[in-house]
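Inspection log for the structure reproduced underneath, given as structure tokens.
In UniProt numbering, the protein residues as written are 1 to 404.
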């Protein structure tokens, strides 16, 4: 049988991170690669009780087809928990926030459409957008995120105007950076002046360590923004539940795209989440996640300071799950990865997170799933791998391996 693929299928590529995760299944590998929440944070007992209660009191409805918009009480909880006035009718429950990215791409992007992204940006978003064959334009970014002046310069005009700008203001994946209050105000104003909608992705916003981040971009211009959130980082990713908040002008088309994609997200899962979230559970639970992740971040930062050779730089995130490492110029993290795996440590090379010109001397490290002892061992092994690559670069000869 000869299969003829659609042209858009050629735009689909395997996730670099998912491929690396296969490597991490090898026994003994210490993985800083995956963006996986720590399983220590999963409220198993609460979900066990919620499962029993939902099946006992609402079993037939929980196991039946349901409204595409989502479970009403859960939509109300989402709307009530956001820091700006949101009508529950604007909330669409999605099968993970990743589906939200897919739905937005389907209704806003044509082949060749301009869209704006940060430098670097979330790899999963690039994957979700790619089948629609857009033209992704990287906007210059710094330690506070996307620069408002460059966003305005690259917005385009008329038929060439960007369909949206995709941004992660809080503890960004992959860099861990956070937009300041001043930058948020400037970016929202620049986008509004240019007529470019913002797609704000906020899966990590509740995972702050010292203080909450500034108000969302969407809170500043609700009619000009779409907002994505997730239950994966505060409850459990296996539930595959997220949400999308949209202005009335665009919500109906998102709903139609959702209906075509999967009819609705799992009714049972939605009811379980709503049950667990009753009585202010998240207000009690999320601080325990913050405390754990802050401790893990601090431990990794100390290990980096202790182990890394001169010339290696890294971010100091104030929340979230990731930090960003920049190697000396000329080193390639993709080439470095198999050498690191030989020492039983894995990371994600940074090049995959760029929409156009990659910076190959970068890498993303997750600090939330490895134990403190694994962080010590893994960072020492990674540092030695980097040190040997630097020596090879300096001398042109392979470095003599050093026993750890």
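We put the beta carbon where it would ideally sit given N, CA and C, even for glycine.
Values in this document were obtained by computation on a predicted structure and should not be read as measured data.
For residue 102, the three-state DSSP class (helix, strand or coil) | Position 102 of the chain shown, counted from the first residue, corresponds to residue 102. Of the three classes helix, strand and coil, the one that applies to residue 102 here is helix, per DSSP.
Can you give the Cα-Cα distance for residue 252 and residue 377, rounded to whole angstroms?
-> Indexing the chain shown from 1 puts residue 252 at position 252. Indexing the chain shown from 1 puts residue 377 at position 377. Roughly 51 Å separates the two Cα atoms.
Reference residue 296; option with closest CA among 273, 320, 311 and 230 | Start at 1 with the first residue of the chain shown, and residue 296 comes out as number 296. The shortest Cα separation from residue 296 among 273, 320, 311 and 230 belongs to 320.
Within 8 Å, strictly: CB atoms of residue 196 and residue 155 | Taking the first residue of the chain shown as 1, we reach residue 196 at position 196. Taking the first residue of the chain shown as 1, we reach residue 155 at position 155. The answer is yes: Cβ separation under 8 Å.
Give the DSSP-derived three-state secondary structure of residue 29 in the structure shown.
-> Here residue 29 refers to the residue found at position 29 of the chain shown. Residue state, collapsed to three classes: coil.
Candidates 242, 170 and 198, of which the one nearest residue 212 by Cα | Counting from one through the chain shown, the residue named residue 212 turns up at place 212. Among 242, 170 and 198, the Cα nearest to that of residue 212 belongs to 170.
Is the beta carbon of residue 230 sitting closer than 8 Å to the one on residue 96?
-> The residue given as residue 230 occupies position 230 in the chain shown. The residue given as residue 96 occupies position 96 in the chain shown. Yes.
Residue 147 burial status per 10 Å Cβ neighbour count (16 or more: buried) | By one-based count along the chain shown, residue 147 stands at place 147. By the 10 Å Cβ count, residue 147 comes out buried.
Buried or exposed: where does residue 60 fall if 16 or more other Cβ atoms within 10 Å of its Cβ makes it buried?
-> The residue given as residue 60 occupies position 60 in the chain shown. Answer is exposed; the Cβ neighbour count stays below 16.
Would DSSP call residue 227 helix, strand or coil?
-> Translated into positions along the chain shown, residue 227 becomes position 227. Correct three-state label for residue 227: strand.
Determine the direct distance from the alpha carbon of residue 76 to that of residue 70, and round the result to whole angstroms.
-> Numbered from its first residue, the chain shown carries residue 70 at position 70. Numbered from its first residue, the chain shown carries residue 76 at position 76. Distance between the alpha carbons of residue 70 and residue 76 is about 10 Å.
Go through its chain and collect everything with a Cβ distance to residue 363's Cβ below 6 Å, but skip five positions before and after it.
-> Taking the first residue of the chain shown as position 1, residue 363 is located at position 363. Correct list, in chain order: 325, 333, 347, 349 and 350.
Where do the N-terminal and C-terminal ends of the alpha helix (DSSP H) with residue 47 fall, by residue?
-> Position 47 of the chain shown, counted from the start, is the residue given in the question as residue 47. Here the alpha helix (DSSP H) through residue 47 covers 44-62.
From this set, 89, 22, 289 and 165, which residue's C-alpha is nearest residue 254's C-alpha?
-> Along the chain shown, read from residue 1 onward, the residue named residue 254 stands at position 254. Among 89, 22, 289 and 165, the Cα nearest to that of residue 254 is on 89.
For residue 129, I'd like the list of residues in its chain whose CB is within less than 6 Å of its CB, leaving aside the five on either flank, ordered along the chain.
-> What you label residue 129 is simply residue 129 of the chain shown in a count that begins at 1. 105.
Is residue 284 buried or exposed, if buried means 16 or more other CB atoms sit within 10 Å of its CB?
-> Stepping through the chain shown from its first residue, residue 284 is reached at position 284. Exposed, by the Cβ-count rule.
Rounded C-beta distance between residue 271 and residue 217? I'm assuming under 8 Å.
-> On the chain shown, position 271 is the one that residue 271 refers to. On the chain shown, position 217 is the one that residue 217 refers to. That belief does not hold up - the Cβ atoms of residue 271 and residue 217 are roughly 31 Å apart, past 8 Å.
Looking only at its own chain, which residues have a Cβ that is under 8 Å from the Cβ of residue 249, when we skip the five neighbours before and after it?
-> By 1-based counting over the chain shown, the position of residue 249 is 249. Correct list, in chain order: 223.
Buried or exposed: which applies to residue 342, given that a residue is buried once 16 or more other Cβ atoms fall within 10 Å of its Cβ?
-> Against the chain shown, residue 342 aligns to sequence position 342. With fewer than 16 other Cβ atoms within 10 Å, it is exposed.
By DSSP, does residue 393 sit in helix, in strand, or in coil?
-> Residue mapping note: residue 393 aligns to position 393 of the chain shown, counting from 1. Note: residue 393 maps to helix in three-state DSSP.
Collapsed DSSP secondary structure at residue 405 in the structure displayed = Given a span of 1 to 404 for the chain in the structure shown, any question on residue 405 remains unanswerable.
Can you say whether residue 145 is buried or exposed, counting buried as having 16 or more other CB atoms within 10 angstroms of its CB?
-> Here residue 145 refers to the residue found at position 145 when the chain shown is read from its first residue. Buried is the call here.
Expressed to the nearest angstrom, what Euclidean distance is found between the alpha-carbon atoms of residue 404 and residue 381?
-> As a first step, residue 404 is located in the chain shown; it is residue number 404 there, counting from the start. As a first step, residue 381 is located in the chain shown; it is residue number 381 there, counting from the start. Low local confidence applies: a pLDDT of 38 at residue 404 is under 50, so the model's placement there is unreliable, with the coordinate-based value given in what follows. Going by the C-alpha atoms only, they are around 7 Å apart.
Using 8 Å as the Cβ pair cut-off and three pairs as the minimum, do the stretch 158-168 and the stretch 118-137 touch?
-> yes
What three-state label does DSSP hand residue 94 in the structure shown?
-> For the purposes of this step, residue 94 is taken as residue 94 along the chain shown, with counting starting at 1. It is a strand residue.
With DSSP collapsed to three states, give me the class of residue 13.
-> Working through the chain shown from its first residue, we reach residue 13 at position 13. Here residue 13 sits in coil by DSSP.
Residue nearest to residue 246 in terms of C-alpha spacing, selected from 6, 107 and 55 | The sequence position of residue 246 within the chain shown is 246, counting from 1. Comparing Cα positions, the closest option is 107.
Beta-carbon separation of residue 239 and residue 269 under 8 Å?
-> On the chain shown, residue 239 is found 239 positions in, with the first residue counted as 1. On the chain shown, residue 269 is found 269 positions in, with the first residue counted as 1. A contact, by the Cβ cut-off of 8 Å.
Nearest-angstrom beta carbon gap, residue 243 and residue 93 [assumed within contact, 8 Å] = Along the chain shown, read from residue 1 onward, the residue named residue 93 stands at position 93. Along the chain shown, read from residue 1 onward, the residue named residue 243 stands at position 243. Right, the Cβ-Cβ distance comes to about 5 Å (below 8 Å), so this counts as a contact.
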